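The structure appears below as structure tokens.
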Amino acid sequence: MKVLIFAEQRGGKVKKASLEALSAGRQLADATSGSVAAVILGLGIGGQAPGLAKFGADAVYVGDDAIFEKYSADVYGLGVGKAAQVFGADVLLFAASAMGKDLAPRVAARLDIGLLSDVTSFTMDGAIPVFTRPIYSGKAFSTVAPKAGKPFAVSLRPNVFPAVEKAGSGQVVPLEHGASASDVKAVVKEILTAEGGLLDVAEANVIVSGGRGMKGPENFKILEDLAKEVGGAVGASRAAVDSGWIGHSHQVGQTGKVVSPALYFAFGISGAIQHLAGMSSSKVIVAVNKDPEAPIFKVATYGIVGDLFEVVPLLTQAVKDLKAKG
Amino acid sequence: MNILVFVKHVPDTETRVKVAPDGLRLDLSEANWVMSPYDEYAVEEALKLKEKLGGEVTAITAGNEESVKTLRTALAMGADKAVLCADGAFEGGDAAGTARVLAAAARKIPFDLILAGKHGVGDDNQQVGSLAAQLLGIPAVTVVTGLEVNGQDLVCKREIEGGTEVVAATTPALITCQKGLNEPRYPSLKGIMAAKKKEVATWKAADLGLDPGSVGAAGAAFEVRKLELPPPRPAGKVLSGELPDQVKELVRLLREEAKAI
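Those protein sequence lines, which keep their order, are chains A and B. Numbering of the first sequence is given in the working numbering, commencing with residue 1 and proceeding in unit increments. Numbering of the second sequence is given in the working numbering, commencing with residue 327 and proceeding in unit increments.
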């Protein structure tokens, strides 16, 4: 199969989730004696091609043009669609990031091909790739196969597939995209960074979440301190968000973000079904709650029944000590 | 400003899902069905814009006869009209099939703006709005938490990782709505009574000029091999002893057993 990966860059840096997609693409191509190409769009991004070759790209279509300086799904869709046609892609892979989720359906509709969102694993059934994705925010998993003979697109959940270095031949091909200013209908004017450039729960390997047990917005500071020590992001349950203690972008669960980090801390979160759906595919779960009957303990790898206001500072200090020892 | 709102009838988020005996579908017979939560933000935003700028709000859904309940909710909140796109040919369809139906319906009604939820709870595709916009040849701005309308100009705020993008677009356009955009109103008793008298049109594939082969199971790009519940998590350890010792033990386990820190 010929697999094309959209390599998303922000500020000239390729996203880790795109390298994960590239590695998955390499695996898919190797299983089918195929080849892998990446397409990267932006301004002044020509130097990114060798980095993409290192993670498996045999060809890199580079759209280095002022028209791609600011993200616009209209012209990015044109560019990726063009690369898919030139390469003759059988499969298009996107990271299921904010940009990937916005762009992938625009490309799929442009090419009139199917799209699978937020895939978390795949296997081969002979020459046919079979994909699994969560539905109902992870309350169930759906395994599907593409109908024969037609190209298709897939977006892959970040943080699930490993990014593995495996050299591809990395031939650089300038992309003849044909996009012009009149194609731009909606465009990013400005990006407002969250206070302190905080890590987003959707991209974090470690998440430190608080719920109703946090009792108020001022107490999230102790979670931020712990998150800083473990290199994680601060998450929250719907109860904490709806109480106005923390912004919705931190919400984990069925009406927030569905996450699969390596390590998830749940402090003062009882574990409503909507929250469990959003985080129970985390590799390791630590729950701290005063109520020994809280449903969160049913999914926890390690549990402490106790007061989070005692546990969190002790834990932050213990992690600090551990790091000091090296 | 004439606004179309795409809505979807879904099992509520309390639903405990079960797999049907054939292993290919979910048994949702015990679910409580509601308007998809993100669609409530779309209906609310449409009503706020109508109150400010005038025009008509039309709620549209692609579904079955049951989906009319979600249209009634939109009407009770204050939408003027509703369209139910329902046909046996739509069954078993994917996001692309739904988008083809909704785009075909949108072509029959003059509009300035289309609003939709950022995704339909359940299938979790987050595709239909963007697919429909592409089919209609209009821009889409997705996952929007702030919207300003000045004549034909739209300024949208959308959530991205660790920040917010400010996106400019002009009507006609499609916007998908995220929590934080507004506080959806509850239907009033008066609204619920009025909704019963409002018109709900029903359109079939032929009314929409759709080839039955392009929608429903026939038009789907993928086939379901199986549906399953997530594997149960292995039983965890609840620690015991004095709290400071528990924390020490937790850190040791995270480092040595789980290798997570």
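A virtual CB, placed ideally from N, CA and C, is assigned to each residue, including glycine. This structure is a prediction, so every number in the text was calculated from the model and none was measured.
Q. At a Cβ threshold of 9 Å, is P510 of chain B touching chain A?
A. Chain A, which has no Cβ nearer than 9 Å to the Cβ of P510 of chain B, makes this no.
Q | Rounded distance between the beta-carbons of A495 of chain B and P465 of chain B, thought under 8 Å | A | That pair is a contact at about 5 Å.
Q) How do the segment 447-454 of chain B and the segment 206-225 of chain A stand: do at least 3 beta-carbon pairs fall below 8 Å, yes or no? A) Under the 8 Å Cβ criterion, the segment 447-454 of chain B does not count as touching the segment 206-225 of chain A, having fewer than three qualifying pairs.
Q) Taking 8 Å as the line, does the beta carbon of D112 of chain A fall inside it for any heavy atom of the ligand PLP? A) Looking at this structure, you won't find the ligand PLP or any other ligand, since it has none at all.
Q. Less than 9 Å separating the beta-carbons of S117 of chain A and A96 of chain A?
A. Contact flag set, yes.
Q) Between the Cα of D183 of chain A and the Cα atoms of A:A233, A:S155, A:Y76 and A:V173, which residue gives the shortest distance? A) Among A:A233, A:S155, A:Y76 and A:V173, the Cα nearest to that of D183 of chain A is on A:Y76.
Q.
Please state the DSSP three-state secondary structure of G178 of chain A.
A. DSSP places G178 of chain A in coil when its eight states are reduced to three.
(Q) Quick test of the definition: if touching needs 3 or more C-beta pairs under 8 Å, does the segment 378-392 of chain B touch the segment 487-504 of chain B? (A) Result no; under three Cβ-Cβ pairs closer than 8 Å.
(Q) If we define contact as Cβ-Cβ less than 9 Å, is R212 of chain A a contact residue for chain B? (A) Nearest CB-CB separation between R212 of chain A and chain B: not below the 9 Å threshold.
Q) Do you know how far the Cα of V369 of chain B is from the Cα of D242 of chain A? A) About 20 Å.
Q. Relative to the alpha-carbon of D413 of chain B, which residue among B:T399, B:N328, B:A532 and B:F332 has its alpha-carbon at the smallest distance?
A. Taking only the C-alpha atoms, the option nearest D413 of chain B is B:A532.
Q: Please confirm if G517 of chain B has its CB atom under 9 Å from at least one CB of chain A.
A: Contact of G517 of chain B with chain A is not assigned, every C-beta pair being separated by 9 Å or more.
Q.
Distance check for G63 of chain A and Q85 of chain A, CA to CA, integer angstroms please.
A. In a straight line, the C-alpha of Q85 of chain A is about 14 Å away from that of G63 of chain A.
Q | Per-residue contacts from N358 of chain B into chain A (C-beta, under 8 Å) | A | By Cβ distance, chain A contributes nothing, its closest Cβ being about 13 Å from N358 of chain B, past 8 Å.
Q. Does F437 of chain B come within less than 9 Å of chain A when only Cβ atoms are used?
A. For F437 of chain B, the answer is no, since every Cβ of chain A falls outside 9 Å of its Cβ.
Q | Residue burial classification, S514 of chain B (beta-carbon count within 10 angstroms, cutoff 16) | A | Classification for S514 of chain B: exposed.
Q.
Judging by CA-CA distance, which residue of A:A233, A:L198, A:P162 and A:D200 is the nearest neighbour of G25 of chain A?
A. Minimum Cα distance to G25 of chain A is reached at A:P162.
Q: Could you pull out every residue in the same chain whose Cβ sits closer than 7 Å to the Cβ of L43 of chain A, ignoring the five residues on either side in sequence?
A: So the qualifying residues of the chain are D64, D65, A66, F68 and E69.
Q) Quick one, which residues of the segment 348-377 of chain B are near chain A if we go by CB-CB under 7 Å, in chain order? A) From the segment 348-377 of chain B, only L352 and P363 have a Cβ closer than 7 Å to chain A.
Q. How would you write the range of the beta strand (DSSP E) that Y76 of chain A sits in, first residue to last?
A. Where Y76 of chain A is concerned, there is no enclosing beta strand (DSSP E), although the alpha helix (DSSP H) it sits in stretches over A73 to F87.
(Q) Tell me the rounded alpha-carbon separation between V14 of chain A and S540 of chain B. (A) When the Cα atoms are used, V14 of chain A and S540 of chain B turn out to be separated by approximately 37 Å.
Q: Spell out a yes or no on whether the segment 373-383 of chain B and the segment 167-176 of chain A are touching, meaning 3 or more CB-CB pairs, one atom from each, closer than 8 Å.
A: Of all C-beta pairs linking the segment 373-383 of chain B to the segment 167-176 of chain A, fewer than three are shorter than 8 Å, placing the two stretches out of contact.
(Q) Is the beta carbon of A408 of chain B closer than 9 Å to that of K523 of chain B? (A) Not a contact, by the Cβ cut-off of 9 Å.
(Q) Buried or exposed, going by whether 16 or more other CB atoms sit within 10 Å of the CB of Q504 of chain B? (A) Residue burial annotation: Q504 of chain B is buried, with at least 16 other C-beta atoms found within 10 angstroms of its C-beta.
Q: Determine the contact status of A153 of chain A and A108 of chain A, defining contact as a CB-CB distance below 9 Å.
A: In contact: A153 of chain A and A108 of chain A (Cβ atoms closer than 9 Å).
Q) Which runs of the alpha helix (DSSP H) fall wholly inside the segment 25-73 of chain A and span at least 4 residues, in chain order? A) Counting whole runs of 4 or more residues, the segment 25-73 of chain A contains the alpha helix (DSSP H) stretches 49-54.
Q.
Counting only Cβ pairs nearer than 9 Å, list the residues of chain A close to Q478 of chain B.
A. Neighbours of Q478 of chain B on chain A: none; closest Cβ ~12 Å, over 9 Å.
**Q.** Any 3 or more C-beta pairs closer than 8 Å across the segment 427-439 of chain B and the segment 120-136 of chain A
**A.** Output reads no: the segment 120-136 of chain A does not touch the segment 427-439 of chain B.
Q: Kindly list, in the order they appear in chain B, the residues whose Cβ is closer than 8 Å to that of H250 of chain A.
A: Chain B residues near H250 of chain A: none, gap ~11 Å exceeds 8 Å.
Q) The beta strand (DSSP E) with F122 of chain A in it runs from where to where? A) Per DSSP, the continuous beta strand (DSSP E) segment holding F122 of chain A begins and ends at S121 to D125.
Q. Can you pull the DSSP bridge partners for I486 of chain B?
A. Answer by DSSP bridge pairing, in chain order: B:G489.
Q | Proximity test, Cβ basis, 9 Å: P162 of chain A and chain B | A | The C-beta of P162 of chain A comes no closer than 9 Å to any C-beta of chain B.
Q: Enumerate in chain order the residues of its own chain whose CB-to-CB distance from K166 of chain A is below 6 Å, with the five nearest sequence positions on each side excluded.
A: Around K166 of chain A, the same chain offers R26 and G56 as residues with beta carbons nearer than 6 Å, after the five sequence neighbours per side are excluded.
Q | C-beta atoms of H248 of chain A and G506 of chain B nearer than 9 Å | A | In this structure, G506 of chain B lies closer than 9 Å to H248 of chain A by Cβ.
Q: Could you run through the segment 294-307 of chain A and flag, in chain order, every residue whose CB is less than 9 Å away from some CB of chain B?
A: Within the segment 294-307 of chain A, those residues whose Cβ lies closer than 9 Å to any Cβ of chain B are, in chain order, F297, K298, V299, A300, T301, Y302, G303, I304, V305, G306 and D307.
Q) Is K221 of chain A close to chain B, meaning its C-beta is less than 9 Å from at least one C-beta of that chain? A) No, no contact with chain B.
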